[in-house]
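Working notes, structure below.
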Ligand SMILES: C[S@@+](CC[C@H](N)C(=O)[O-])C[C@H]1O[C@@H](n2cnc3c(N)ncnc32)[C@H](O)[C@@H]1O
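The structure is reproduced here in structure tokens:
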């Protein structure tokens, strides 16, 4: 199946008919709802009654979950038809027509948190020959950083097309000052695998953000790991954390096991220096 | 959504104290027995207006805010008063900008309030939060969360660019901005973000 982003620009792809599907298809509702619930969990807001931004809010399915969780929200979307449906669904949040790639129109420090469900992959596509995805991403993340309170989190669920796109989007977020990283739920399943960009606009009251745990993994392997530049500077030359050789070997073996390769069991001899050979 | 039914009951109690026909621009959203046909569509709440800033690239923080509000039509769309929400959101409100927006709608009387809001926000906070003044909460809720702009304009303070509010939705899409060519908001001029 071809990706929607390759078919048409979002304001045309999310037409009246497509928007209707979001309002009527119970399967779609189920998927979007479970994604949003997971995003809200990852957002880990300190209280109810938080003020949350929903980017690419569409017909308001994600917004309804926010309302259910006790939050007040504002949504933005580029498609008039999707917003029209959200109004017909009588969602609680206000919605505005806006292209996230041109920046978010809010005062600094407005939102306690932000969610975006299945939307930001659209930023990676050049809709016209003059629009530059890299620049649009930077404009987007800069304005998002500004719109969040100090230490506010954003959880952006999306469908990256390839590893280069993951790299592009995460590095743009970092360049704009965000900390955090890409979290992958159920990384070993093709169907259940889900990507969440979990990023922080600075620190909240001096508390260090704890990296959330991915679902469907027994180890910490697949957890989000990137820090902003400043943290990186404190580490070794290659931006890697100093880990023991033993740990490194164990990690490597674990990765190879995950790829289905035959790897010897770990034992007390793993990564030990071998004695001299005779 | 099932909460809608409950909030309609609450609103009924509120509407009983309604002081007859209000100003020309504000009408109550219909909630009579035909309500199943007439949908209660939301607009832009005054609270939301308070947090919007101009998307025009290259402006400083001060130049982006506040967006002047012009109201052609507003509606009251009643909902349940939630004191905790009001308290937690009040601190990020710019009071002066809120009072101006309320004037644009037609003032306190036009939305069914008998008393004027104090000019000073500290007074509001102390009567709402310290004295637990229920009337103050009601008034705040009415003005911030129930008064919704359906048709009107938002005007960028620095460039006078106009953004339409249509059927309750503010439109910031570059292609639809009035009085400007498309390139006005194009990414080309975006480098100088403040
Ligand atoms: C798959 S839908 C998801 C809608 C909603 N979040 C949900 O979970 O039901 C993706 C939405 O992103 C919106 N979108 C795409 N590109 C956008 C852009 N540049 N700015 C704002 N919204 C955009 C689309 O219009 C569409 O409504």
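Residue numbers (our numbering), protein chains in the order written: chain A, 4 to 281; chain B, 13 to 206. Just so it is clear, CB atoms sit at the ideal spot from N, CA and C, and this is done for glycine as well. Note that the structure is a prediction, hence the values are computed from the model and not measured.
Burial state of residue i (16 or more Cβ within 10 Å)
i: residue 177 of chain B; result: buried
i: residue 244 of chain A; result: Confidence in residue 244 of chain A is poor, its pLDDT being 49 and thus under 50, which makes the residue's placement too unreliable to answer from.
i: residue 29 of chain A; result: exposed
i: residue 269 of chain A; result: exposed
i: residue 90 of chain B; result: buried
i: residue 95 of chain A; result: buried
i: residue 193 of chain A; result: exposed
i: residue 10 of chain A; result: exposed
i: residue 166 of chain A; result: exposed
i: residue 160 of chain A; result: buried
i: residue 260 of chain A; result: exposed
i: residue 73 of chain B; result: exposed
i: residue 217 of chain A; result: buried
i: residue 67 of chain A; result: buried
i: residue 147 of chain A; result: buried
i: residue 15 of chain A; result: exposed
Candidates the options, of which the one nearest residue i by Cα
i: residue 99 of chain B; options: B:142, B:130 and B:167; result: B:142
i: residue 154 of chain A; options: A:261, A:23 and A:48; result: A:48
i: residue 103 of chain B; options: A:83, A:82 and A:114; result: A:114
i: residue 157 of chain A; options: A:134, A:211, A:248 and A:181; result: A:181
i: residue 106 of chain B; options: B:122, B:65 and B:94; result: B:65
i: residue 132 of chain B; options: B:77, B:86 and B:110; result: B:110
i: residue 71 of chain B; options: A:40, A:275 and A:110; result: A:110
i: residue 92 of chain A; options: A:172, A:79, A:121 and A:25; result: A:25
i: residue 143 of chain A; options: A:163, A:101 and A:95; result: A:101
i: residue 136 of chain A; options: A:272, A:106, A:75 and A:160; result: A:106
i: residue 63 of chain B; options: B:55, B:76, B:136 and B:146; result: B:76
i: residue 78 of chain B; options: B:167, B:130, B:147 and B:184; result: B:167
i: residue 157 of chain B; options: B:175, B:145 and B:113; result: B:113
i: residue 55 of chain B; options: A:14, A:99 and A:80; result: A:99
i: residue 220 of chain A; options: A:278, A:186 and A:173; result: A:186
i: residue 170 of chain B; options: B:39, B:69 and B:38; result: B:69
i: residue 11 of chain B; options: B:93, B:67 and B:80; result: Residue numbering for chain B in the displayed model covers 13 to 206; residue 11 of chain B lies beyond these limits and cannot be assessed.
i: residue 181 of chain B; options: A:277, A:13 and A:80; result: A:80
i: residue 134 of chain A; options: A:267, A:266, A:12 and A:6; result: A:12
i: residue 134 of chain B; options: B:175, B:121, B:108 and B:127; result: B:108
i: residue 37 of chain A; options: A:103, A:207, A:199 and A:112; result: A:199
Residue i and residue j closer than 7 Å at C-beta
i: residue 252 of chain A; j: residue 60 of chain B; result: no
i: residue 85 of chain A; j: residue 53 of chain A; result: no
i: residue 175 of chain A; j: residue 145 of chain A; result: no
i: residue 82 of chain A; j: residue 189 of chain A; result: no
i: residue 87 of chain B; j: residue 164 of chain B; result: no
i: residue 179 of chain B; j: residue 57 of chain B; result: no
i: residue 204 of chain A; j: residue 151 of chain A; result: yes
i: residue 120 of chain A; j: residue 27 of chain A; result: no
i: residue 249 of chain A; j: residue 274 of chain A; result: yes
i: residue 95 of chain B; j: residue 129 of chain B; result: no
i: residue 44 of chain A; j: residue 73 of chain A; result: no
i: residue 154 of chain B; j: residue 123 of chain B; result: yes
i: residue 118 of chain A; j: residue 195 of chain A; result: no
i: residue 32 of chain A; j: residue 64 of chain A; result: yes
i: residue 126 of chain A; j: residue 139 of chain A; result: yes
i: residue 59 of chain A; j: residue 122 of chain A; result: yes
i: residue 8 of chain A; j: residue 128 of chain A; result: yes
i: residue 119 of chain B; j: residue 38 of chain B; result: no
Residue interval of the beta strand (DSSP E) (run including residue i)
i: residue 117 of chain B; result: It is not in any beta strand (DSSP E) - residue 117 of chain B instead sits in the alpha helix (DSSP H) that spans 107–117.
i: residue 215 of chain B; result: Outside the shown range of chain B (13 to 206) lies residue 215 of chain B, about which nothing can therefore be said.
i: residue 166 of chain B; result: 159–167
i: residue 149 of chain B; result: Premise fails: residue 149 of chain B lies in the alpha helix (DSSP H), 146–153, not in any beta strand (DSSP E).
i: residue 73 of chain B; result: No beta strand (DSSP E) holds residue 73 of chain B; the alpha helix (DSSP H) holding it covers 73–76.
i: residue 109 of chain A; result: That residue, residue 109 of chain A, is in no beta strand (DSSP E); it is neither H nor E in DSSP.
i: residue 97 of chain A; result: 97–100
Run of the alpha helix (DSSP H) containing residue i, from where it starts to where it stops
i: residue 250 of chain A; result: 248–261
i: residue 133 of chain B; result: 133–137
Cross-chain neighbours of residue i in chain C, by beta carbon under 7 Å
i: residue 184 of chain B; result: The question asks about chain C, but that chain is absent: this structure's protein chains are A and B.
List in chain order: all unbroken alpha helix (DSSP H) runs of 4+ residues lying wholly within the segment 8–84 of chain A.
13–16, 19–27, 29–46 and 64–71
Those runs of the beta strand (DSSP E) which lie wholly inside the segment 152–188 of chain A and span at least 3 residues
182–188
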